[in-house]
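Visitor: Residue numbers (my numbering): 73 to 392. All C-beta atoms, glycine included, are put in the ideal place defined by N, C-alpha and C.
(1) For the putative contact between residue 233 and residue 268, defined by C-beta atoms under 8 Å, what is the C-beta separation to the nearest angstrom?
(2) Rank 286, 264, 259 by C-alpha distance to the C-alpha of residue 273 and give the top, closest one.
(3) Ordered along the chain, which non-local residues of its own chain (more than five positions away) have a Cβ less than 8 Å from that of residue 121?
(4) Should the region 192-206 be regarded as contacting the region 166-175, the criterion being three or more beta carbon pairs within less than 8 Å?
(5) Name the two residues that bound the continuous alpha helix (DSSP H) containing residue 157.
(6) Exposed or buried, what is residue 95 when buried is set at 16 or more other beta-carbons lying within 10 Å of its beta-carbon?
(7) Helix, strand or coil: how does DSSP classify residue 310 here?
(8) Hey, residue 145 and residue 108: beta-carbon distance below 8 Å or not?
(9) Give the DSSP-derived three-state secondary structure of residue 175 in the structure shown.
(10) By alpha-carbon positions, which one of 320, 340, 314, 329 ends up nearest to residue 289?
(11) Just checking, does the region 174-183 make contact with the region 199-208 on the three C-beta pairs under 8 Å criterion?
(12) Quick one: measure Cβ to Cβ for residue 357 and residue 330, integer angstroms, because I've assumed they're closer than 8 Å.
(13) Excluding sequence positions up to five away, which residues of its chain have a Cβ less than 7 Å from the Cβ of residue 90?
(14) Quick one, are the C-beta atoms of residue 130 and residue 100 less than 8 Å apart?
(15) In angstroms with no decimal places, state the Cα-to-Cα distance between residue 116 and residue 110.
(16) For residue 347, report the span of its alpha helix (DSSP H) as first-last.
(17) Take the Cβ of residue 230 as the centre, count every other Cβ of all protein chains shown within 10 Å, and call the residue buried at 16 or more, exposed below.
(18) Residues in the same chain with beta-carbon distance under 8 Å from residue 239, minus the five sequence neighbours each way, listed in chain order, please.
(19) What did DSSP end up calling residue 229 once you bin it into helix, strand or coil?
(20) Cα-Cα, which of 159, 192, 163 is closest to residue 175?
(21) With respect to the alpha helix (DSSP H) encompassing residue 253, which residues constitute its N-terminal and C-terminal limits?
(22) Alpha carbon to alpha carbon, what distance is there between residue 270 and residue 263?
(23) Considering just the uninterrupted stretch of the alpha helix (DSSP H) at residue 388, what are its terminal residues?
(24) For the putative contact between residue 295 and residue 287, defined by C-beta atoms under 8 Å, what is the C-beta separation to the nearest angstrom?
(25) Which residue marks the beginning of the alpha helix (DSSP H) containing residue 261, and which one marks its end?
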């Protein structure tokens with residue numbers, strides 16, 4: 073309310089100082105602006121928008137004498153669109169909410185109102201998330217993608233929106249695009265994104281590992297390796313992807329591949345039994361490559377789970 077009063081006070085100064093230059097035209101702009109400001113002050117934002125736009129248009133035609141009035145109207149217009157967007161959100165009309173917030177952000181950027189621009193951009197994300205969630209939950213992934221893409225383009229720093237977009241790609245079978253967006257999230261280094269980064273790694277791992285297992289089952293082992301390699305390039309510490317990698321290689325008796333990836337697979341495990349399983353596979357690979365010393369070295373690192381006993385047996389056999 074103080075903001076409106078200040079603007080109206082500025083208008084009064086203009087009335088007194090306008091002199092005789094284009095007085096009638098300036099007075100017309102004053103009347104239009106005052107009417108628009110009253111609507112804004114009364115929180116009749118939908119009605120204030122066309123009134124403010126009219127005041128701006130006429131003021132620009134009048135020229136320099138109406139410049140301050142035009143600037144005052146331009147200060148109010150982004151906020152009016154923003155508040156109309158909020159009303160649409162409350163009504164559950166996300167299409168019109170997004171349109172209003174988008175207009176608010178565009179005008180705020182044009183007129184230099186960084187606060188409204190930032191708030192409007194944030195609400196584009198929130199409205200897009202709400203609208204896209206309906207489509208996603210209905211398994212209409214293509215519609216969800218379209219909505220989330222638009223919101224993400226407007227606010228690429230919203231990790232919730234990015235995660236929803238990536239997951240929609242994944243569910244729609246667009247694994248390359250899913251991995252691209254997940255990769256962008258995983259690449260965020262600020263600590264405030266730590267939770268989103270962890271979620272991105274977890275969700276992408278599910279999609280990649282599922283696809284890799286399907287490729288392996290279909291006999292496309294190289295395709296499985298390529299999928300896992302592409303994921304490990306952006307999430308090298310993934311315990312599941314690393315372990316799956318050497319399990320597939322073991323099943324294929326590709327001992328060189330197990331040896332190449334085995335140590336990283338073991339070190340990435342946070343569970344002692346799974347770490348032991350990785351070392352057991354690595355020990356078996358060295359044993360099959362007839363490297364007795366390295367086989368025993370890795371078998372000795374198997375300290376938990378059912379493979380601990382198997383490792384002791386293999387060490388005993390190798391020492392005979």
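Guide: So, from the listed chains and residues:
(1) Along the chain shown, read from residue 1 onward, the residue named residue 233 stands at position 161. Along the chain shown, read from residue 1 onward, the residue named residue 268 stands at position 196. Between residue 268 and residue 233 the Cβ distance is about 10 Å, and since that is not below 8 Å, they are no contact.
(2) As a position in the chain shown, residue 273 is number 201, starting the count at 1. Nearest option by C-alpha distance: 259.
(3) Within the chain shown, residue 121 is the residue found at index 49, counting from 1. Excluding the 5 residues flanking it on each side, residue 121 has same chain C-beta neighbours closer than 8 Å at 149, 152, 153, 156, in chain order.
(4) Contact holds: three or more Cβ-Cβ distances are below 8 Å.
(5) Counting from 1 along the chain shown, the entry for residue 157 is found at position 85. Residues 139-162.
(6) The residue labelled residue 95 in the question sits at position 23 within the chain shown. Its pLDDT being 40, under 50, residue 95 is placed unreliably by the model, and the measurement read from it follows with that caveat. So residue 95 ends up on the exposed side.
(7) Locating residue 310 in the chain shown gives position 238, where the first residue counts as 1. If DSSP states are grouped into helix, strand and coil, residue 310 belongs with coil.
(8) Sequence index remark: in the chain shown, residue 145 carries index 73 (1-based). Sequence index remark: in the chain shown, residue 108 carries index 36 (1-based). It is a contact, given that the beta carbons lie within the stated cut-off.
(9) Here the question's residue 175 lines up with position 103 in the chain shown. Three-state result, residue 175: helix.
(10) One-based indexing of the chain shown puts residue 289 at position 217. Out of 320, 340, 314, 329, 320 has the C-alpha closest to the C-alpha of residue 289.
(11) no
(12) Taking the first residue of the chain shown as position 1, residue 357 is located at position 285. Taking the first residue of the chain shown as position 1, residue 330 is located at position 258. Yes, they are in contact, since the Cβ atoms of residue 357 and residue 330 sit about 4 Å apart, within 8 Å.
(13) As a position in the chain shown, residue 90 is number 18, starting the count at 1. Reliability fails at residue 90, whose pLDDT of 42 lies under 50, so the model's placement of it is uncertain and the value that follows must be treated cautiously. 98, 137, listed in sequence order.
(14) Counted from its first residue, the chain shown places residue 130 at position 58. Counted from its first residue, the chain shown places residue 100 at position 28. Yes, Cβ-Cβ distance for residue 130 and residue 100 is below 8 Å.
(15) Taking the chain shown and counting its residues from 1, the one referred to as residue 116 is at position 44. Taking the chain shown and counting its residues from 1, the one referred to as residue 110 is at position 38. About 9 Å.
(16) Along the chain shown, read from residue 1 onward, the residue named residue 347 stands at position 275. Here the alpha helix (DSSP H) through residue 347 covers 344-360.
(17) To locate residue 230, count along the chain shown from 1; it is residue 158. Burial call: buried.
(18) As a first step, residue 239 is located in the chain shown; it is residue number 167 there, counting from the start. Same-chain partners within the cutoff: 208, 250, 275.
(19) Taking the first residue of the chain shown as position 1, residue 229 is located at position 157. In the structure shown, residue 229 sits in coil (DSSP, three-state: anything other than H, G, I, E or B).
(20) To locate residue 175, count along the chain shown from 1; it is residue 103. Residue 192 is the option with its Cα nearest to residue 175.
(21) As a working note, residue 253 is residue 181 in the chain shown. That run of the alpha helix (DSSP H) goes 247-258.
(22) Indexing the chain shown from 1 puts residue 263 at position 191. Indexing the chain shown from 1 puts residue 270 at position 198. About 11 Å.
(23) Here residue 388 is taken as the residue at index 316 of the chain shown, counted from 1. Looking at the DSSP string, the run of the alpha helix (DSSP H) that includes residue 388 is 379-390.
(24) Against the chain shown, residue 295 aligns to sequence position 223. Against the chain shown, residue 287 aligns to sequence position 215. Rounded, the Cβ-Cβ distance is 4 Å, consistent with contact.
(25) Along the chain shown, one-based indexing puts residue 261 at 189. No alpha helix (DSSP H) holds residue 261; DSSP gives it neither H nor E.
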